[in-house]
Amino acid sequence: MAPRNETDPADPAGPTDSSAAAPRRAARPRAAAALPPLEPFVSWDFEALRPPRSRSADYNEQRLAARRRLEAIAKHAAKAAPKEVKLEVRTSIHNPFPAVNGGRVERLWAYVTRDKAAKARLRKTLGADLAKDLDQAYKNGYLCVALEADALEVSFRIHQDGWYDGRNLVKRVTAEGVKPLLAILNDLDGYRLQLADWKGEWICGEMGPEKLEEFFKYYEPGEHLLSVQRRWPATEAVRSALLTPEVPPVLVEELQRLLPVFRYAMWSKEADFLFG
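In my numbering, the protein residues as written are 19 to 294.
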């Protein structure tokens, strides 16, 4: 099912949606040349993730274009962070690869996480054995902008394998109580705190102390994924609202909104609760 005014990606001519074209360099301020341009999404950014296309290498070109759009959003957000917050950007792979994604690409994302120097400090704190494979982005808490066939997502996540950031958060909440974190989360209206795939309702902007205390009764670093996420439906019926040029800058702002919870939860030399 090809989106309106676009050809099937299997056609050598490729998509014809003019919104996929990169903005001309001459029209952009010279000062912004260090960052990739923010381009609007196109329908094939989503449709190339839908089975059976998600399992076909014929759609790698469309997924690569979508990945680059996500990467640009993440890089703009990292660049806009306060000077004392050093961040790096990584992206997921866009091609079906059985050893990594089971031979299908149903989700594309860009990570924003601690930089190499911060990883080195954490590695020194943890020791070589515990810090094994720390360079992998998902083994650190991270900010994320992601696409699925029917959804667009912005989130802060601590993967099960990023247990040290999860433990740092739990220890900090134990030491300080839930009120500091509660204030941060309740500034994030539109988001929800999520525990793995549980159906609990922890809605940012509406939580009281008891609700957040309930979350931490269940959350176990190393066992559960923690996320603070916001998702927009992207089914074909409503997707047009996500294909405008205004959306990528808004996503940069949404990633910036998540920086306070990122900084509160993540281990750093200024927020070292890991073994306290």
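For every residue, glycine included, the Cβ atom is placed at its ideal position computed from N, Cα and C.
Only a predicted model underlies this, so the values are computations on that prediction, with no experimental measurement involved.
| Contact under 8 Å by Cβ, Ala90 with Pro54 | yes
| How close, in whole Å, do the beta carbons of Ala169 and Pro251 come, if the pair is a contact with beta carbons under 8 Å? | 6 Å
| said: Considering only the alpha carbon of each residue, which of Pro100, Glu65, Glu102 and Leu144 lies closest to Leu126? | reply: Glu65
| request: Excluding the 5 residues preceding and the 5 following Leu200 in the sequence, name in chain order all residues of the same chain whose CB lies nearer than 7 Å to its CB. | output: Met225, Pro227 and Leu230
| With C-beta atoms as the reference, is Tyr282 less than 8 Å away from Val246? | no
| Would the beta-carbon of Gly180 fall within 8 Å of that of Gly159? | yes
| query | How would you label Ala256, buried or exposed, when you count the other beta carbons within 10 angstroms and need 16 or more for buried? | reply | The question names Ala, but residue 256 is Val in the sequence shown. Flag for Val256 reads exposed.
| Just checking my contact of Ala99 with Leu277 at CB under 8 Å: how many whole Å lie between their CB atoms? | 6 Å
| Mind checking Val118: buried by the 16 CB within 10 Å criterion, or exposed? | exposed
| Minimum length 3: unbroken beta strand (DSSP E) runs contained in the region 80-123 | 105-109
| Assumed close pair Leu213, His242 - CB separation to whole angstroms, cut-off 8 Å | 6 Å
| task | For Tyr236, name the three-state secondary structure that DSSP assigns. | result | helix
| field | DSSP state of Ala164 mapped onto helix, strand, coil | value | strand
| message | According to DSSP, is Leu277 part of a helix, a strand, or is it coil? | response | helix
| message | Need the endpoints of the alpha helix (DSSP H) that Tyr182 sits in, please. | response | Trp181 to Glu194
| In three-state DSSP terms, what is Trp62? | helix
| request: Quick one: using the 10 Å Cβ neighbour count with 16 as the cut-off for buried, is Lys235 buried or exposed? | output: exposed
| request: Within the same chain, show all residues whose beta-carbon is closer than 7 Å to that of Glu288, passing over the 5 residues directly before and after it, in chain order. | output: none
| query | Between which two residues does the alpha helix (DSSP H) containing Thr143 stretch? | reply | Lys134 to Leu144
| said: What residue range does the alpha helix (DSSP H) around Ala201 cover? | reply: Lys197 to Asn204
| task | Counting only the same chain and skipping the five closest in sequence on each side, list residues whose C-beta sits under 7 Å from that of Ser37. | result | Model confidence at Ser37 stands at a pLDDT of 34, short of 50, so the residue's coordinates are unreliable; what they give is reported in the following sentence. The residues are Pro58, Val60 and Leu261.
| task | Identify, in the order they occur along the chain, each residue of the same chain with its Cβ nearer than 6 Å to the Cβ of Tyr156, setting aside the five sequence neighbours on each side. | result | His177
| message | Only counting the same chain, and skipping five residues up and downstream in sequence, which positions put a Cβ closer than 8 Å to that of Asp133? | response | Lys104, Leu105 and Glu106
| field | Beta-carbon separation (whole angstroms), Arg248 vs Glu272, contact threshold 8 Å | value | 7 Å
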